[in-house]
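Residues in the sequence shown are numbered consecutively from 35, following our numbering.
The structure appears below as structure tokens.
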Amino acid sequence: MPNPHRGDVEAIIGGRRYTLRLTLGALAELEAAFAVENLDALGRRFASGQLGARDLVRLLGAGIRGGGTPLSDEEVAALPLGDGLEPIATAIANMLERCFSSGGDASPRP
């Protein structure tokens, strides 16, 4: 069960519930995937709103793995979009907001 105090977000994909969580390891994975040097740069990259499908796969994969489900990015990319992209994009946005906001605003934390 997702715990919002840990930054957990629930996503239902293909009828299955996943817990998304950005752990320190997931953030390090994303720094490498997006070729940025630090969390501030990572937060700015996400705040730019310029995310493609591969970016969403990387984010969703890191969040799913951080939440405890060991899926590769290839397996994440193959998940069905039966409910469309909006629920997944919303879950990713919520996960990023919980990780990078402080006190309710959406500015990146250092």
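Even glycine gets a Cβ: it sits at the ideal position worked out from N, Cα and C.
Take Tyr-52 as the anchor and find which of Gly-59, Val-43, Leu-93 has the nearest alpha-carbon. Val-43
Tell me the residue span of the beta strand (DSSP E) that contains Thr-53. In the DSSP assignment, Thr-53 falls within the beta strand (DSSP E) that extends over 50-54.
Candidates Arg-40, Val-91, Ser-82: which alpha carbon is nearest Pro-114's? Val-91
Confirm, please, whether the CB-CB distance from Leu-64 to Leu-76 is below 8 Å. yes
Cβ-based burial, Ile-46 [other Cβ within 10 Å; buried from 16]: exposed
Can you tell me whether Ser-141 is buried or exposed? The criterion is at least 16 other CB atoms within 10 Å of its CB, across all chains shown. Interpretation of Ser-141 is limited by its pLDDT of 39, a score under 50 that renders its predicted location unreliable; no figure is taken from the coordinates.
Per DSSP, what are the beta-bridge partners of Glu-44 in this structure? The secondary-structure analysis by DSSP pairs Glu-44 across a beta bridge with Thr-53.
Spatial neighbours of Val-110 in its chain, beta-carbon cut-off 8 Å, leaving aside the 5 residues before and after: Closer than 8 Å at Cβ, skipping near neighbours: Val-91, Leu-94, Gly-95, Ile-98.
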